[in-house]
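One structure is given here, and the rest of the page talks about it.
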Amino acid sequence: MINVAQFMAMQMPCQVYVEWFGFIQFCQDYFIGHNVPSPLVVEIGIHANLQRPFYKQFLNATHIGIDIDNKYGEPDILGDSRSKTTLMRLQQLLQSRDIDLLFIDGNHSYEIVKQDYETYGPLTRHIVAFHDTLSWRGVKRFWNELLLANPEYEFVNLGATGGAATGAHRCAARRGTGRRDAHRRRGGGKVRRALRPLR
Ligand SMILES: C[S@@+](CC[C@H](N)C(=O)[O-])C[C@H]1O[C@@H](n2cnc3c(N)ncnc32)[C@H](O)[C@@H]1O
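If you're matching positions, the sequence shown starts at 4 in the numbering used here and goes up one per residue.
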């Protein structure tokens, strides 16, 4: 259980308080339940990088931040999430390790959210989360498409206050089948073939 006083004492990222608390609690419960003591988190779009301390404090996570801009925070990878160089630099940092939690919060247009999911989703083993699944048209559209296309996944919308919400689904990338590598080589494609639900 998250220590509320500790949580409240920390500087908030660009999130609605209740929503962010619910999301971190959800992730903590999930990773404890799945015996992942030190998950690897990749966040696309870090802004001032204020999520990072929460991931460290409450999930004991390693955090890799990607951002196209370093005006407000210092991303581990400075670059456009759509560029091949960004993906290659992430792969270098991952050193074949899976992402445990992918948080998509960069450009909120439908096309780019979709591309971020298709690029980084197949590298993710446990949770894919999107910010603003209810309040931003492009994110909402892609989220709804995912819901309809993947009835086998478990979808949750967390802390939906005033239209803002973080949506997450649980998944696992296939390992050792060669499918994920083939997916990477193709540079995208049908993500739902590369992901399966966790049971
Ligand atoms: C809403 S802010 C992220 C907020 C942050 N996740 C938080 O919770 O505090 C969106 C960020 O995405 C970055 N961004 C926008 N388009 C991007 C792209 N194509 N690739 C990488 N970062 C992008 C912006 O520079 C900005 O910092």
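Where is the CB? At the ideal position from N, CA and C, for every residue including glycine.
Since the model is a prediction, treat every value here as computed from it, not as a measurement.
Quick one, are the C-beta atoms of Phe145 and Tyr113 less than 8 Å apart? Here the question's residue 145 lines up with position 142 in the sequence shown. Here the question's residue 113 lines up with position 110 in the sequence shown. It is a contact, given that the beta carbons lie within the stated cut-off.
Name the one or two DSSP bridge partners that Leu150 has. Against the sequence shown, residue 150 aligns to sequence position 147. Leu150 pairs with nothing; no bridge assigned.
Please classify Ile205 as buried or exposed, where buried requires at least 16 other C-beta atoms within 10 Å of its C-beta. What is shown of the chain runs 4 to 202, which leaves residue 205 out entirely.
Expected contact under 8 Å - CB spacing of Leu43 and Gln14 to nearest Å: Here residue 43 refers to the residue found at position 40 of the sequence shown. Here residue 14 refers to the residue found at position 11 of the sequence shown. The pair is not a contact, with the Cβ atoms about 23 Å apart (cut-off 8 Å).
Considering only C-alpha positions, which residue in the set Val142, Ser86, Leu81 is nearest to Asp72? As a working mapping, residue 72 is identified with position 69 in the sequence shown. Minimum Cα distance to Asp72 is reached at Leu81.
What I want to know is whether the C-beta of Ile115 ends up closer than 7 Å to one or more non-hydrogen atoms of ligand 1. By one-based count along the sequence shown, residue 115 stands at place 112. Within the cutoff, so yes.
CA nearest to the CA of Tyr123, picked from Gly36, Ile69, Trp23: As a working mapping, residue 123 is identified with position 120 in the sequence shown. Selection Gly36, Ile69, Trp23 evaluated against Tyr123 yields Ile69 as nearest (Cα-Cα).
Please determine whether the Cβ atom of Asp32 lies at a distance below 7 Å from any heavy atom of ligand 1. Sequence index remark: in the sequence shown, residue 32 carries index 29 (1-based). No; taking the cut-off as 7 Å, the Cβ of Asp32 has no heavy atom of ligand 1 nearer than that.
Using a Cβ-Cβ cutoff of less than 7 Å, which residues in the same chain neighbour Cys30 once the five nearest sequence positions on both sides are dropped? Along the sequence shown, one-based indexing puts residue 30 at 27. Result list for Cys30: Leu62, Leu104, Ile130, in chain order.
Relative to ligand 2, is the shortest distance from any of its heavy atoms to the C-beta of Arg85 smaller than 7 Å? Among the ligands in the structure shown, ligand 2 does not appear; only ligand 1 can be found there.
Compute the Euclidean distance between the alpha carbons of Gln98 and Leu137, then round it to the nearest angstrom. Position 95 of the sequence shown holds residue 98. Position 134 of the sequence shown holds residue 137. Spanning the two alpha carbons is a distance of roughly 34 Å.
Please confirm whether Tyr58 and Ala51 have their CB atoms less than 8 Å apart. As a first step, residue 58 must be located in the sequence shown, where it is residue number 55. As a first step, residue 51 must be located in the sequence shown, where it is residue number 48. It is not a contact, given that the beta carbons lie outside the stated cut-off.
Span separating the alpha-carbon of Trp23 from that of Thr169: In the sequence shown, residue 23 corresponds to position 20, counting from 1. In the sequence shown, residue 169 corresponds to position 166, counting from 1. The straight-line gap separating the alpha-carbon atoms of Trp23 and Thr169 is approximately 8 Å.
Can you tell me whether Arg55 is buried or exposed, with buried defined as 16 or more other CB within 10 angstroms of its CB? Along the sequence shown, read from residue 1 onward, the residue named residue 55 stands at position 52. The residue in question, Arg55, is buried, as its Cβ has 16 or more Cβ neighbours within 10 Å.
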